[in-house]
Each structure stands twice: as C-alpha cells, then as structure tokens.
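Chains A and B, in that order, are what the protein sequence lines are. Counted from 1, the first sequence has number 65 at position 65 by our numbering; the numbering is strictly sequential. Counted from 1, the second sequence has number 1078 at position 78 by our numbering; the numbering is strictly sequential. Don't be surprised by glycine CBs; every beta carbon is placed ideally from N, CA and C. Please read these numbers as outputs of a predicted model, since none were measured by experiment. To keep things clear, I will list the structure first and then write my remarks on it.
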Amino acid sequence: NAGVTQTPKFRILKIGQSMTLQCTQDMNHNYMYWYRQDPGMGLKLIYYSVGAGITDKGEVPNGYNVSRSTTEDFPLRLELAAPSQTSVYFCASSYGSSNEKLFFGSGTQLSVL
Amino acid sequence: AQSVTQPDIHITVSEGASLELRCNYSYGATPYLFWYVQSPGQGLQLLLKYFSGDTLVQGIKGFEAEFKRSQSSFNLRKPSVHWSDAAEYFCAVGARDDMRFGAGTRLTVKP
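This is how it looks when you write it as structure tokens:
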C-alpha cells in the first residue's frame, strides 16, 4: 500500500518556467490537499479537492492551479515560477470526515532561481 | 479565524528525560486538535488527535496530549524521550480545508 506518492522529490526552476507537481493516492480518499511549508512557518493550504471534478482555493492559491480528473490524482501546476514559490510542497489526502487524519506524501523541495 | 501558536521553536532534551511541547489555539467552536511529527525528508505523520470525550488522549510512540479548554491549550507530552524522537512537531487545529498548523517545534535529543 503506497499511500500518497509525490513526484519529483527535488526540482530547480528558473524564473518564469512552469512545472507540474504530481500527486497520487491509492486509498480511495475523497479529499486531497496541497500545502506549502516555508521555514519557520506552519503549513499553508494552497488548494484542495473534495472529489473528482471539484477543486477550491485554500489560503495561498495565487500562482498555482490544480485539477482533479480522477479520485487518485491531484496535480499542482506552477505557471511563471517566481522566487517566492521556493518552498517544500506537500500533498495530503483524507477520507473526508472532520476528525479524519491527513495522510501526507514525502514532499517536493522546489527552488526557483 | 482560528490560529495555532507553538511558543517554542527549538527544544533540546536529554535522552530519557521527559518532554512537553506547548500548543495554544484560537478557535470559535469545539476544536478538532492534532499533533503531527515530521522526520527529516519525510511527510507529516499523525501522532494523536482530539475531537471529543476524554481530554487526555494517547497516541503512537508513547506520546500523549491533554486538551485544556480553559487555557486553550493542547500540550504534547512524553515521559521518557528516545533518540529516535528527534524531529519536528506540529500542532494543528480545524478540519479539512480549514486546518491551521503551528510553525512547529524542532526537538533535539542529547545522548
């Protein structure tokens, strides 16, 4: 049982480039999330999805886009990368109940130079 | 809006000593409260959670936490720390898309 899988683990982008961070889960979870983690800060929610075809903005969505065509996959797209998007990105999933724990992927370290 | 404060950025304890990590929250209703642990290069893993009932909750790896409504706190404790407990610990409040995480407390364990 793989859980939540993120790729790539590391990436360096030049300013203005674009890329997609991949996330897939094999637990048939309804909810999926993208967070970013900056040094000395807690995780901030970028986007989330409550099911296939449904996405919504979180706390810090600017500069990102998402899609949810299947239950399993929830890619995060960065368009026109900026240095402010240098961060560690975590994908997470949960079944959906309010007290359900989040299952996290191992993260993507992204640097924009 | 809800928020979480972890007052201690970094704590160092000796192996075998007791541990308490502090967490204070602000939330409008009865909160769902969580503690997660993050080992280097890994995602976060749930240690324990509270949403109702007994205010002292037990988690994995020998951790426990106590919910104190009057103090808006949810402190994490362990009676005897092991070297493998060295990690970053995050307190979180809320649920689903309304989850807020503290800035984390980094735990160093001295031999």
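Look at the region 1023-1044 of chain B: the residues with a C-beta under 9 Å from a C-beta of chain A are Y1032, F1034, Y1036, Q1038, G1041, Q1042, G1043 and L1044. The beta carbons of S111/A and F103/A sit no closer together than 7 Å. The C-alpha of M19/A lies about 34 Å from the C-alpha of A1086/B.
Residues of the region 1094-1111 of chain B that bring their beta carbon within less than 8 Å of a beta carbon in chain A comprise A1095, R1096, D1097, M1099, R1100, F1101, G1102, A1103 and G1104, in sequence order. Across the structure, Y89/A and G107/A are spaced so that their CA atoms are roughly 5 Å apart.
Here DSSP, grouped into helix, strand and coil, assigns I1060/B to helix.
Separation of the CB atoms of Y1027/B and Q1002/B is rounded to 4 Å, and the pair is thereby assigned contact status at 8 Å. For L1046/B, the neighbours in chain A by C-beta distance under 8 Å run, in chain order, K101 and L102.
Measuring C-alpha to C-alpha distances from I46/A to each of Y64/A, G16/A and K101/A identifies Y64/A as the nearest. Ranked by Cα distance from P83/A, the options K57/A, Y48/A and K14/A are led by K14/A.
Contacts with chain B at 7 Å (Cβ-Cβ) do not include M32/A.
T1105/B: member of the beta strand (DSSP E) spanning T1105 to K1110, first to last residue.
Here the region 1075-1082 of chain B makes contact with the region 1014-1029 of chain B; the two share three or more CB pairs at distances below 8 Å. The region 67-84 of chain A makes contact with the region 30-46 of chain A, as at least three CB pairs between them are under 8 Å.
By the neighbour-count definition (other C-beta atoms within 10 Å, threshold 16), S1070/B is an exposed residue.
A straight line joining the alpha-carbon of S1084/B with that of V66/A spans about 36 Å. Annotated as distal: P75/A and Q6/A, with beta-carbon spacing of 7 Å or more. Beta-bridge pairing by DSSP links K1068/B to S1073/B.
Of the residues I1009/B, Q1038/B, F1034/B and G1094/B, the one whose Cα lies closest to the Cα of A1065/B is F1034/B.
By the CB criterion at 7 Å, F1063/B and Y1032/B fall outside the cutoff.
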